[in-house]
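First the structure, in the form of structure tokens, and then the observations on it.
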Amino acid sequence: MSRVDVRKTHKLFIGGAFPRSESGRTYEVTDSKEQFLANMALASRKDARDAVLAARSAVAKWSAATAYNRGQVLYRIAEVMEGRREQFISEVSDSEGVSSRKAGAHVDAAIDRWVWYAGWADKYAQVIGNTNPVAGPFFNFSVPEPTGVVAAVAPQDASISGLVSVVAPIIVTGNAVIVMPSSSRPIPAITLAECLATSDVPAGVVNILTGAPAEVMPWLAEHADVNALDLTGIVDEGVATDLERSAAGTVKRVRGAAPHADWQATPSLSRMRAFVEVKTVWHPMGV
């Protein structure tokens with residue numbers, strides 16, 4: 570008996586759930602040979618607003634969790650991704666038009682990223698923070714704290730390794746993120762969302778909006794409840810400039826565009842440092 574192909578319509582990932590776009594819009598995603606792969610939800614302004622509400626409600630509890638606990642959660646994501654490795658390889662290969670071997674390298678890099686950042690979860694504060702020598706009878710400490718809600722655009726040409734390289738360093742320090750994955754290669758991002766939903770990640774810590782960054786990001790750049798922007802995946806310099814200008818209205822932190830970075834290279838702490846704020850405390854000795 571022959572089977573009927575199950576044509577997929579992937580949804581958004583907001584607040585730990587998988588809703589359709591409020592607008593009801595979708596768009597087709599094709600492989601490198603222009604063959605149909607799936608329909609994707611096309612996120613709207615209302616979806617972006619819902620994602621901000623979800624992220625804001627999640628960030629307090631997530632940032633209050635111990636660094637060790639956040640590291641455990643990130644490691645669990647790596648475990649779940651490892652269990653679905655073959656599915657990720659198939660999706661990356663179809664989406665990017667690369668061999669299974671090359672797709673496997675991208676998937677392995679993404680899994681390794683989660684493990685790498687999980688290991689730094691309870692250690693980065695000792696590197697970024699400090700006990701400062703001061704003249705006077707005071708203790709002086711500098712301690713990194715999460716910025717809050719971050720809106721990010723993932724690289725367009727690295728559907729999974731680039732996405733994880735953007736998301737992991739944002740959330741490991743206690744931030745919540747609203748991320749737009751590659752608009753032409755979004756399927757691995759939704760599979761990642763399914764992993765997140767079963768990996769002890771609190772609802773709202775990661776929100777994934779598929780669609781056009783040029784349409785959705787301006788609303789997020791102007792939203793007063795978004796604390797920072799990561800424009801890594803923006804390929805149009807004009808769009809990046811407009812978003813930076815919009816972000817200035819609410820004094821957001823902004824990490825600039827870097828769409829063509831090597832997402833399999835050894836990571837560094839720079840992405841973690843970008844979205845923490847260093848709080849310095851003076852305390853009188855003997856009190």
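In terms of the numbering used here, the sequence shown opens at residue 570 and continues consecutively. Just so you know, even glycine gets a beta-carbon here, dropped at the ideal spot from N, CA and C.
Determine the contact status of residue i and residue j, defining contact as a CB-CB distance below 8 Å.
i, j, result
"VAL712", "ALA694", "yes"
"VAL621", "ALA607", "no"
"GLU660", "VAL845", "no"
"ALA727", "THR801", "no"
"PHE582", "ASN776", "yes"
"ALA612", "ARG589", "no"
"VAL746", "VAL736", "yes"
"ARG614", "TRP788", "yes"
"GLN656", "THR760", "yes"
"THR779", "PRO757", "no"
"VAL808", "ALA843", "no"
"ASP600", "GLY666", "yes"
"VAL628", "VAL718", "yes"
"GLY584", "ALA772", "yes"
Please classify residue i as buried or exposed, where buried requires at least 16 neighbouring CB atoms within 10 angstroms.
i, result
"PHE605", "exposed"
"MET841", "buried"
"GLY652", "exposed"
"TYR686", "buried"
"GLU603", "exposed"
"ASN796", "buried"
"SER664", "buried"
"ALA793", "exposed"
"VAL741", "buried"
"HIS579", "buried"
"MET650", "buried"
"ALA762", "buried"
Give the DSSP bridge partners of residue i, in chain order.
i, result
"THR742", "Paired residues: none, contrary to the question."
"LYS848", "VAL712"
"TYR596", "MET609"
"VAL775", "VAL746"
"PRO853", "PHE707"
"ALA720", "ILE747, LEU798"
"MET767", "Here residue 767 turns out to be Thr, not Met, going by the sequence shown. Bridge partners of THR767: none, in fact."
"HIS579", "MET609"
"ASN699", "SER711"
"ALA586", "ILE583"
Assuming residue i and residue j are in contact, meaning their beta carbons sit under 8 Å apart, how far apart are those beta carbons, in whole angstroms?
i, j, result
"VAL785", "ALA679", "So it is not a contact: roughly 23 Å between Cβ atoms."
"TRP683", "ALA624", "Between ALA624 and TRP683 the Cβ distance is about 20 Å, and since that is not below 8 Å, they are no contact."
"SER768", "VAL642", "7 Å"
"PHE710", "PRO853", "Actually they are not in contact, since the Cβ atoms of PHE710 and PRO853 sit about 13 Å apart, beyond 8 Å."
"ALA781", "SER815", "With a Cβ gap of about 16 Å, ALA781 and SER815 do not count as contacting."
"VAL823", "GLU813", "5 Å"
Terminal residues of the continuous alpha helix (DSSP H) containing residue i?
i, result
"ASP799", "That residue, ASP799, is in no alpha helix (DSSP H); its beta strand (DSSP E) goes 797 to 799."
"VAL820", "Where VAL820 is concerned, there is no enclosing alpha helix (DSSP H), given that its DSSP letter is neither H nor E."
"HIS792", "Element bounds for HIS792: n/a, residue is neither H nor E."
"ALA678", "669 to 689"
"TRP631", "614 to 633"
"SER839", "839 to 842"
Check for me: the beta strand (DSSP E) holding residue i runs from which residue to which?
i, result
"ARG572", "Counting along the chain, ARG572 falls outside any beta strand (DSSP E), and DSSP gives it neither H nor E."
"VAL876", "Outside the displayed span of the chain (570 to 856) sits residue 876, for which this structure offers no information."
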